[in-house]
Every structure is written in C-alpha cells, then in structure tokens.
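Those protein sequence lines, which keep their order, are chains A and B. In this text, residue positions in the first sequence follow numbering that gives the first Met the number 0: the first is 0, and each later residue adds one. In this text, residue positions in the second sequence follow numbering that gives the first Met the number 0: the first is 0, and each later residue adds one. Ideal Cβ placement from N, Cα and C applies to all residues, glycine included. Everything below concerns the one structure shown next.
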Amino acid sequence: MKGRVLVVDDDTALAEMIGIVLRSEGFEPAFCEDGDSALGAFRSTQPDLVLLDLMLPGKDGYEVCRQIRAESGVPIVMLTAKSDTVDVVLGLEAGADDYISKPFKPKELVARVRARLRRSDEPAPEHLAIGDLTIDVPGHRVARDGEPISLTPLEFDLLVALARKPWQVFTREVLLEKVWGYRHAADTRLVNVHVQRLRSKIEHDPEKPEIVVTVRGVGYKAGATTT
Amino acid sequence: MSRAGRRGTRLTSVWRLVRARWLRRAGSALRWWRSSLQVRVLTITLVIGLVALGLVFAYVGQRTAEGLFKERLAQVLAESARSTSQAQDTFTYSTAATPAEAQQLLSDVTTAQRTGGSGSRDVFLLRAPGQTTSMSGGAAVTAPELVGLISPELKAALTDGKQHWQSVGRPTSADAAADGTGAPVLDAPGAIGPVVPAVVVGQEVSVPVVGTYQMFFLYPLDAEQRRLDFLLGTLALAAGALVLLLAATTWLVTRQTVSPVRRAAQVAERLANGHLTERLPERGEDEMATLARSFNEMAASLQDQIRRLEDLSALQRRFVSDVSHELRTPLTTVRMAGEMIYAARDSFEPAVKRSAELLSTQLDRFEDLLADLLEISRFDAGAATLDAEGRDVREVVLRVVDNVAPLAARKGSWLAIDLPESRAVADIDPRRVERICRNLLVNAIEHAEGSDVEVRVAADASAVAVVVRDRGIGMTPDQVAHVFDRFWRADPARARTTGGTGLGLAIAMEDARLHGGWLEAWGRPGRGASFRLTLPRRAGMTLTSSPLDLVPAEPERAPATPSVRAPGTDPAALPQWGAEPDRQEVP
C-alpha cells in the first residue's frame, strides 16, 4: 500500500507541505522543481505515482506527462489550478490518469493517491473476454490473437470493469466510482477522455467502436464477445 | 325610401372602397417618396422645371401675340384710312341725284371696297345715328349677318369724324349673328361656332343726297391667330423635349450620386454583420472617392479597435488564468498547513485551539469566495464554455437535494419534491445545472426561516423547468429586481449564517444564460419567494414558454393550510409529496 511518490512542483512551499502530508500518511515523497529535470528524476527515483503540476518552469506539465507516459504506465495525477475545460482535457489527453484542483484538502490528496495506488489483489486467476480481446486479470495483460496490447493500469482497470459485467450499461458516475474511486460525483470528462484513449489502443477503428460501446444518454458498455 | 337608403349604403361602401384604395396607393407612393432620394430629387426637378417653363411659355406667348396684333393693326388702320378716303372721293365726285341712285352708289362702293384691301374684309356702310334728313338710301353691307358686331359705342364715337377701331370676336358660322338683336356676339360665345379674333375700323363719309354715312371695315385676324398657334405649338414641343432631357439628366446625375451611397450602405451592413474586411472600391479623386476613402478608414479603425478589444479579452482571460494559478498555489499550502494544525488542535491551549478552528472555517470561506470570484471573472472574460450532454434533470435535482438535506435539517425546513413520472432529459452541462439548483436551494433554505421549501420539476416538448419555492420572509418587487446582482444582500443587517459568498445567484444567472435558459425570481414580503429555472431541451433552441408557473397560484390554497397546522410540521398536509428532512427519494 505504501509507495514512493514523485512530486513535480516548482512551488517549494507547496511541495514541502505535500511532502509533510504524504510522509504523515506513510508515503515516501521525492521532489523535482522544474520540467526539464522531471524525466531524469522520474528515471532515478522509479516512483509508484507522480504528482505533477501543470505549470512548470522549463518544459510544461503536459510535455512532462507525455514523456513519462511514453516510457511507463505509472499513475500520474495532475495538480491543476486551472479547472477550465481545455486545461483539464489537455492534461488528460497527455496521459494523466486523474487530476486534483487547487486548492485541495490534505484528505482529498491522500484519497486520490491511495485510489491510484490501490491494486486489485483478487487472487483468483481470472480470464475475461471482451470483443476479440482476452484479458488476464492477475497478470495485467491484454492480448488480441496472442499479440499483447500495452495499457496503463487505469485503462486496464476501465476495460476490466466493463468486461466483468458485459450485460450492464455503466453510467459515467458509476465508472468514476469503480475505476477512479470517487465516492461523490466528479468530473465526467475523466471518463470521456480515458474511454477515447482506451479505444485508440484496442479498437480496430476508434471512429466505430465495437469493444467499448457508447449508449447515448446513459454511458458505456462492453461490446459483444466475438471469440 | 328603403331603396334610397340601400343605394345610400351601397354608395358609402363603394366610396369607402375607393377611398381605401386611394389611401393605400397614396401610402405606397409616400413610402416610395420617402425611401428613394432619387425619386425625390427627380420629382422636385421636374416640378421646378415645369413651373419655370410654364412661366416662360406664358410670357413669350403674350409678347408674341401682342407684337403680331400691333403690326397687323397698324397695317389695317392705314389700309382702311386709304380705302375710306378713296370711297369719299367716289362719293364726292358722283353724279347721283336721287335716293335710288345714291343707294346704287353705296352698294357699288361696298362691293368694290370689299376686295380692295389685303386679304378678305367685310365692308359696311351704315347710316350715321342722329340723321335729320328724311331721305334715306338704306344701308349697304357685304355681310349682313355680321352687322351686329359693330357696337353702338363705336358708332357713337365716330361722330367726331376721326378713325376709330375695336377688337371683336368674329363667328365663323354663317348664321351666327342673324338674329338681328344687335347684341355683341362676344357675349354669347357658347351658342355659336368657333370665334376668330377680328378688328372693326370705322370712319364717317358723306354721301350725296342721303347725308352722312359710317363706313366700317371688318378684318378677321385668323391668319395671325394661326401663326401664333403654330409658334406656341412649336414652343410647347421644344419645352416638352427640354423637360424630358432635364428628367433624364437628373436621373443620371442622381444615380451617379446615389449608387455609391447605396454601395456604401451595403458595405456598412456587411461590416455590421461582422465581415470586418469588407471595403469600398476607391476610384478617382472626386467627392465619392473621398467618401469611399473616409469610409474605408473608418472600417479599418473599427477593425483595429475590435481586434484590440479581442486581444484585450484574450489578455484578460490569460490574466484570470494566471491569477487563479498564482493565488491558488499559496492558498493550497496555507490550506494544508491549516488542516494539519486543525487536526492537532486538541493538544493546544484553549485560545490557540479556537484560533485553529477559526483559521480552518475562514479558509473554507476564503476558498469559496475565491472560487466564485474566478467563476464570475471567467464569465466576464467570455471563457465559460458549455459542456452540454443529454441528462435527466430529475437526477441532477435529486443529487442536489441529497447534498443540501443536512443544511435543511439544521435549519428546520422540510423539503417537498415534486418530480414528473417520465424522464426530463435536456441538453445540459450537469456541473452548471447542479450548481444553479444548489444555489437556489441553499438560498431558499436560508430565507425560509424554518418553513417548507418546495422543489418542482416539469417538462414539456421544448423545455424543462425547475421551480424552487419557499414561504419565508419573501422579497419586495424592488428586492426582486436586484436579487441577481453581485454581492447584493436583501438585508445587510441580517445575520449571515450559512456564509454565502454573495455571488451564488449571479453565477446561477450566468450559468442559465450560458444554456440559453431563463432564471427568474418572484417574491412578496411575508409570502416567500419563488425562483424558476427554464432550460431548452435541445442546445441552441430558443425558449418561448416555461412548463411551470413562476408566480404560485397562492390565494386559492393559502387560507386552507395555515389554519389546519403550523407550517412545516406535518408533511401529509403538503400538497406535494413530502419528504423527511434528511432523506429524499423519488416517490
């Protein structure tokens, strides 16, 4: 449950405060103050989670996010002072799993970090099928015709949530609770953006999705199993 | 009588019809006159041209007629004087001795003189009035029917022995003056044929045996009349051609002036519609080119101004974004530090402990205020966008009710929820609609003073409405007018308990506007207040009506309830489905 958290923020006071809070909860924080050295810090610390401020000196947060995502599926939570649609969506599209709007409470921060570090430790070997994909749940592997498809843990969780109950239509709120761990209604754009990202990796034609299907006015459901 | 009446009514109706048609025609002509500069200039030019030409025409005609007449008169006078003296010579040297011979002489002379002058003339030899001689040779005339043209005044004037003349109108038909009354033919022109102007010239002659006679010559002036008519005809033709030329010139000139103006108007309209790059062609050096140049300069300056405003707006948006970042980051640190201190408050002295509590609650308030301020400035910068999706408004309302239920319970207010049976789906931004509903509900609970708060949702084909109604202190119409103003408070002295930021309703209004919806308020002192949110079902639709009434139909219902129970204590007495204050469900 405890893990190493890389805090990328140029505001040293805030970074220190976050460090105090994380340490008091038993996490092990590491710090980085600008965008240019963020990737190096990421490689050297090998964190379990990244807390990333979007506005950074040097490379901005979106760019750092893309670089980390390019080499790792490690959970990234954005710290944003901009709750404007465009900024949040840009961050999510750059590969972030979740975001926290400033100002936030310590409890909120810890809850978000915990939710992203939570591992589904179901011991039973579970194999699911969705569309023409096979999913090895404990092994965190998705494959089409034996060819593995690389997904981030969050995308994997989203796909598994849909595949476990293929007869059910999930509203965005339910998915937020199941996958992101939000207990109260939150920003449903999180779901929309990640469904798009997931589709771009697993669908034959992301414009005409067959695996993650939209049910207009309600939410999403798993497509018919073809294998 | 009745038939006459019928005819009368028919006539009046026909008259009305005609009058209406005329008025319509006059109306359209007036519109044409008003709307077209070209028509106006042309009409004025034509009217002035016609009046001027008419005056010239009258003057020239008058002068020509006068000149022609004078010339002919001089000729006629000289000729008749010559003829008279010739006749006198004939009489003087005649050998006539008897009245019969004298009579013969008279008729010979008249016949001879008739053809003696220029053109045709009639000759009259009449006995002078006042003759005392008993002997009479009678009269000798070439046109007996025209004797009546010679007036007694002329005859009387001849007694002085000199030559006299008079203008008369000569009838052309033969039987014209044959009645013999001697009345001047000019007096009755309607009874006879066309009259030509003529001149009568007379002088006395003495005839042997029979005494003094008066000799008259009647010269018709029809040749002169014809010349005058021809001249005037030619003149009128020339004038007509001139007027047509004038009209054509005016039309062309005004068109040259008006068409650039029209083009400028068209371009101005396109500019007004947002096509800022539209310009007028600049050709030549004349006034029209100056107009085009000034117009284009104006358009360029407008475009420049608008671009600068757009830049400013972008700058402001940027500023809001930057300020939000700059303010929020330290606030986050303070906030987290405050929480840490608050969590450890039990280990402090009482004064420090209370300070930690105050710090924590006021940080909450500061955070709310900052969030609302940033939201409002985002609206002002035009940076607010609508993330619309088809959602059931009932669900949104229920979620809000869940959230505010603890507050209602604290305040002792009952919440009564009335939802429609079927789904009330509309294209809404759930985050914003939720915020509107929360603001309305919190506001209602705050002002309800422990009385019921009703929430009603209804939908029709084009709109979904939410009405939030309380029966608290209410508002005056003057307060209703300000209720959506920023930082406005109905009563500044009123204790602030739930600590709203004063921006809630203003933000709700902006949110409603962003949806193309309505947010309206109603209130009466002592009777409570009512807020209605109406949202179009599809984004972009224009609202025309709301499925719910804003003003409650109170008077019918009010007397029954308060007398039965104390308000807010018996859910069963509520007309709608009532709920426990801390738990609500769809019925």
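Nearest to residue i (by Cα), restricted to the options the options
i, options, result
"glutamate 448 of chain B", "B:Tyr212, B:Ala408, B:Asn272, B:Ala520", "B:Ala408"
"leucine 242 of chain B", "B:Val432, B:Glu445, B:Gly48, B:Ala101", "Before going further, note that residue 242 of chain B is valine rather than leucine in the sequence given. Ranking B:Val432, B:Glu445, B:Gly48, B:Ala101 by Cα distance to valine 242 of chain B puts B:Gly48 first."
"arginine 3 of chain A", "A:Leu13, A:Gly18, A:Thr11", "A:Gly18"
"serine 94 of chain B", "B:Val209, B:Val399, B:Arg537, B:Glu309", "The residue you asked about is not serine; residue 94 of chain B is threonine in the sequence shown. The candidate whose alpha carbon is nearest that of threonine 94 of chain B is B:Val209."
"valine 108 of chain B", "B:Asp371, B:Tyr212, B:Leu54, B:Val322", "B:Tyr212"
"serine 119 of chain B", "B:Ala142, B:Leu279, B:Leu236, B:Asp310", "B:Ala142"
"histidine 446 of chain B", "B:Val482, B:Ala156, B:Ala237", "B:Val482"
"arginine 117 of chain A", "A:Leu48, A:Asp33, A:Phe41, A:Leu21", "A:Leu48"
"aspartate 371 of chain B", "B:Glu509, B:Leu29, B:Gly539", "B:Glu509"
"glutamate 152 of chain B", "B:Phe318, B:Glu144, B:Val200", "B:Val200"
"proline 137 of chain A", "A:Glu125, A:Asp131, A:Glu70", "A:Glu125"
"arginine 526 of chain B", "B:Trp487, B:Met540, B:Val452", "B:Val452"
"glycine 218 of chain A", "A:Val141, A:Val194, A:Glu206, A:Arg198", "A:Val194"
"aspartate 121 of chain B", "B:Thr97, B:Val146, B:Leu104", "B:Val146"
"threonine 541 of chain B", "B:Ala462, B:Arg523, B:Phe530", "B:Ala462"
"glutamine 112 of chain B", "B:Leu217, B:Met287, B:Arg261", "B:Leu217"
"leucine 41 of chain B", "B:Arg254, B:Val351, B:Arg470, B:Pro476", "B:Arg254"
"leucine 189 of chain A", "A:Leu89, A:Gly130, A:Thr213", "A:Leu89"
"glutamate 176 of chain A", "A:Thr187, A:Trp166, A:Gln167", "A:Thr187"
Test item: CB-CB of residue i and residue j under 8 Å
i, j, result
"phenylalanine 56 of chain B", "leucine 234 of chain B", "yes"
"valine 606 of chain B", "proline 170 of chain B", "Here chain B has residues from 0 to 586 only, and residue 606 of chain B is not among them."
"aspartate 9 of chain A", "leucine 53 of chain A", "no"
"asparagine 295 of chain B", "glutamate 284 of chain B", "no"
"tryptophan 250 of chain B", "valine 198 of chain B", "no"
"glycine 589 of chain B", "leucine 502 of chain B", "Residue 589 of chain B is absent from the structure shown; chain B starts at 0 and stops at 586."
"tryptophan 521 of chain B", "alanine 511 of chain B", "no"
"alanine 162 of chain A", "valine 178 of chain A", "no"
"leucine 290 of chain B", "proline 259 of chain B", "yes"
"methionine 214 of chain B", "leucine 124 of chain B", "yes"
"arginine 111 of chain A", "aspartate 97 of chain A", "yes"
"leucine 38 of chain A", "isoleucine 75 of chain A", "no"
"valine 403 of chain B", "valine 441 of chain B", "yes"
"leucine 51 of chain A", "glycine 60 of chain A", "yes"
"alanine 12 of chain A", "alanine 29 of chain A", "no"
"alanine 507 of chain B", "arginine 485 of chain B", "no"
"proline 128 of chain B", "lysine 154 of chain B", "yes"
"alanine 246 of chain B", "leucine 29 of chain B", "no"
"glutamate 92 of chain A", "valine 192 of chain A", "yes"
DSSP-derived helix/strand/coil call for residue i
i, result
"lysine 220 of chain A", "strand"
"methionine 339 of chain B", "helix"
"arginine 292 of chain B", "helix"
"histidine 126 of chain A", "strand"
"methionine 508 of chain B", "helix"
"threonine 11 of chain B", "helix"
"methionine 77 of chain A", "strand"
"tyrosine 58 of chain B", "helix"
"glycine 72 of chain A", "coil"
"glycine 525 of chain B", "coil"
"phenylalanine 26 of chain A", "coil"
"tryptophan 487 of chain B", "coil"
"glycine 48 of chain B", "helix"
"glutamine 74 of chain B", "helix"
"aspartate 47 of chain A", "coil"
"valine 136 of chain A", "coil"
"isoleucine 148 of chain A", "strand"
"threonine 475 of chain B", "coil"
"isoleucine 99 of chain A", "strand"
"serine 601 of chain B", "Lying before the first or after the last residue shown, residue 601 of chain B is absent from chain B, which here runs from 0 to 586."
"aspartate 55 of chain A", "The sequence as given places leucine at residue 55 of chain A; aspartate does not occur at that position. Of the three classes helix, strand and coil, the one that applies to leucine 55 of chain A here is coil, per DSSP."
"glycine 210 of chain B", "strand"
TODO: Can you check the region 225-265 of chain B for any beta strand (DSSP E) of at least 3 residues that lies completely inside it and give the ranges in chain order?
DONE: none
Open item on the list: With three or more C-beta pairs closer than 8 Å as the rule, is the region 455-468 of chain B touching the region 417-424 of chain B?
Closed with: yes
Open item on the list: Does the region 83-92 of chain B come into contact with the region 199-209 of chain B, if we say contact requires no fewer than three beta-carbon pairs (one atom in each stretch) closer than 8 Å?
Closed with: yes
Open item on the list: Taking contact to mean 3 or more Cβ pairs, one atom from each stretch, closer than 8 Å, check whether the region 421-436 of chain B and the region 388-403 of chain B are in contact.
Closed with: yes
TODO: Would you be able to state if there are at least three C-beta pairs under 8 Å between the region 165-173 of chain A and the region 136-154 of chain A?
DONE: no
- [ ] May I ask you to verify whether the region 329-338 of chain B touches the region 96-111 of chain A, counting CB pairs closer than 8 Å and requiring at least 3?
- [x] Two segments are said to touch when three or more pairs of C-beta atoms, one from each, lie closer than 8 Å; by this definition the region 329-338 of chain B touches the region 96-111 of chain A.
- [ ] At 3 residues or longer, and completely inside the region 338-420 of chain B: list those beta strand (DSSP E) runs for me, N to C.
- [x] 388-391, 414-417
TODO: Take every Cβ of the region 294-309 of chain B, pair it with every Cβ of the region 357-370 of chain B, and state whether three or more of those distances are shorter than 8 Å.
DONE: Taking 8 Å as the limit for Cβ pairs, the verdict is that the region 357-370 of chain B does not touch the region 294-309 of chain B.
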